[in-house]
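If you're matching positions, the sequence shown starts at 1 in full-length UniProt numbering and goes up one per residue. First the structure, in the form of structure tokens, and then the observations on it.
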Amino acid sequence: MTAREEIAGLYASYFGEVERLRQNGKATDGLLGLGGGPASDGCQDRFAEQAQAAFRNLSGRGLTPEELREVLEYAYRIPLDYREDQVVYWMLLAVQGATLPLVEALAAGDAAALAEAYRRDYPRFTRLPVQKQVLTALKNRAKGR
Numbered sequence: 001m002t003a004r005e006e007i008a009g010l011y012a013s014y015f016g017e018v019e020r021l022r023q024n025g026k027a028t029d030g031l032l033g034l035g036g037g038p039a040s041d042g043c044q045d046r047f048a049e050q051a052q053a054a055f056r057n058l059s060g061r062g063l064t065p066e067e068l069r070e071v072l073e074y075a076y077r078i079p080l081d082y083r084e085d086q087v088v089y090w091m092l093l094a095v096q097g098a099t100l101p102l103v104e105a106l107a108a109g110d111a112a113a114l115a116e117a118y119r120r121d122y123p124r125f126t127r128l129p130v131q132k133q134v135l136t137a138l139k140n141r142a143k144g145r
């Protein structure tokens, strides 16, 4: 199994858990901001912890430049498929911060390409603080820092 497949599998498990919670939920879950539903379930914290551990694990494995690029492309592009899903989208953006150790090992050219795609995909006025950190790290790596 490739590193990208490992990360995609982790994300797929999270998507499945959110979907299961939606199917088993009540019509009033989350109504008026009150508990229930996937947004308040522990699957959110579990996914964040698992993503942090997975990216940390990958950073210590000595991935090839191609593997690094594939993993980061996946982590940075997958939220775009979930923009309409307010539960999943924000979580996917939040866990992007866990990719920072991988950025440090990128080839400068790959970092530049990822930075350009990231800048295009996430307009400045929509970026969360963690996204600003990711983009800064990509730009710095592209400059060889």
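For each residue, glycine too, the CB sits at the ideal point set by N, CA and C.
Contact belief for residue i with residue j at Cβ below 8 Å, rounded distance in angstroms
i, j, result
"residue 108", "residue 62", "The pair is not a contact, with the Cβ atoms about 18 Å apart (cut-off 8 Å)."
"residue 76", "residue 82", "Their Cβ separation, rounded to whole angstroms, is 13 Å, which puts residue 76 and residue 82 out of contact at 8 Å."
"residue 44", "residue 93", "Actually they do not touch by this definition, with Cβ atoms about 13 Å apart."
"residue 114", "residue 55", "Not quite, the Cβ-Cβ distance comes to about 15 Å (not below 8 Å), so this is no contact."
"residue 138", "residue 111", "5 Å"
"residue 141", "residue 70", "No, residue 141 and residue 70 are not in contact; Cβ-Cβ is about 16 Å, not under 8 Å."
"residue 68", "residue 105", "6 Å"
"residue 47", "residue 1", "Actually they do not touch by this definition, with Cβ atoms about 19 Å apart."
Reduced DSSP category for residue i - H, G, I as helix; E, B as strand; rest coil
i, result
"residue 127", "coil"
"residue 105", "coil"
"residue 80", "helix"
"residue 2", "coil"
"residue 118", "helix"
"residue 144", "coil"
"residue 61", "coil"
"residue 16", "helix"
"residue 27", "In this prediction, residue 27 has a pLDDT of 46, which is less than 50 and means its spatial position is unreliable; what the coordinates show is noted afterwards. DSSP places residue 27 in coil when its eight states are reduced to three."
"residue 189", "Since the displayed the chain opens at 1 and closes at 145, residue 189 lies outside it and no answer follows."
"residue 85", "coil"
Check: residue i C-beta below 7 Å from any heavy atom of the ligand SAM
i, result
"residue 94", "With respect to the ligand SAM, the structure offers nothing, as it holds no ligand at all."
Next item on the list: Would you check if the region 14-22 and the region 60-77 touch, i.e. whether three or more CB-CB distances between them fall below 8 Å?
Entry: Flag = no, the region 60-77 and the region 14-22 do not touch.
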